[in-house]
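Asks: This is the structure I want to talk about, given as structure tokens.
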């Protein structure tokens with residue numbers, strides 16, 4: 001496996017919008033190389049007779065059927081609200097004008 005370069009780490013950091021110093025780039029390049037080598041060694045373990053899996057145990061869907069039922073009217077939904085304005089919940093402003 002080719003070694004990951006400092007420039008490649010810098011490129012990945014730019015893509016992720018992470019500002020790394022020169023010392024951090026020098027420190028991270030060998031660490032990422034170890035991670036890539038570990039992944040490559042695991043990929044080599046599975047043979048063609050081993051099916052790809054996303055979970056070690058089989059999963060069963062436990063969700064109920066999606067059944068349409070009547071919903072609340074706006075009046076019913078807002079009946080317990082402490083303040084209502086134009087058929088909406090009225091809450092205190094928490095953001096300034098800049099938002």
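In full-length UniProt numbering, the protein residues as written are 1 to 99. We treat Cβ as the ideally placed atom computed from N, Cα and C, and that holds for glycine. These numbers come from a predicted model, not from an experiment.
1. Which residue spans inside the region 3 to 29 form an unbroken alpha helix (DSSP H) run of at least 4?
2. Going straight from the alpha carbon of residue 37 to that of residue 28, what length do you get?
3. List the endpoints of the continuous alpha helix (DSSP H) containing residue 76.
4. Once DSSP output is grouped into helix, strand and coil, what is the label at residue 39?
5. Assign residue 50 to buried or exposed, taking buried as 16 or more other Cβ atoms, counted over all protein chains shown, within 10 Å of its Cβ.
6. Measuring straight from C-alpha to C-alpha, what distance separates residue 41 and residue 34?
7. If you compare alpha carbons, which of 12, 16, 91, 48 is closest to residue 78?
8. With a threshold of 16 other CB atoms inside 10 Å of the CB of residue 9, please say whether the residue is buried or exposed.
Replies: For this structure:
1. 6 to 15
2. As a first step, residue 37 is located in the chain shown; it is residue number 37 there, counting from the start. As a first step, residue 28 is located in the chain shown; it is residue number 28 there, counting from the start. Their Cα atoms are separated by approximately 14 Å.
3. Within the chain shown, residue 76 is the residue found at index 76, counting from 1. Residue 76: member of the alpha helix (DSSP H) spanning 74 to 78, first to last residue.
4. Numbered from 1 along the chain shown, position 39 holds the residue referred to as residue 39. Helix at residue 39.
5. One-based indexing of the chain shown puts residue 50 at position 50. So residue 50 counts as exposed.
6. Here residue 41 refers to the residue found at position 41 of the chain shown. Here residue 34 refers to the residue found at position 34 of the chain shown. Their Cα atoms are separated by approximately 11 Å.
7. Position 78 of the chain shown, counted from the first residue, corresponds to residue 78. Residue 78 has its Cα closest to that of 91, out of 12, 16, 91, 48.
8. The sequence position of residue 9 within the chain shown is 9, counting from 1. Label assigned to residue 9: buried.
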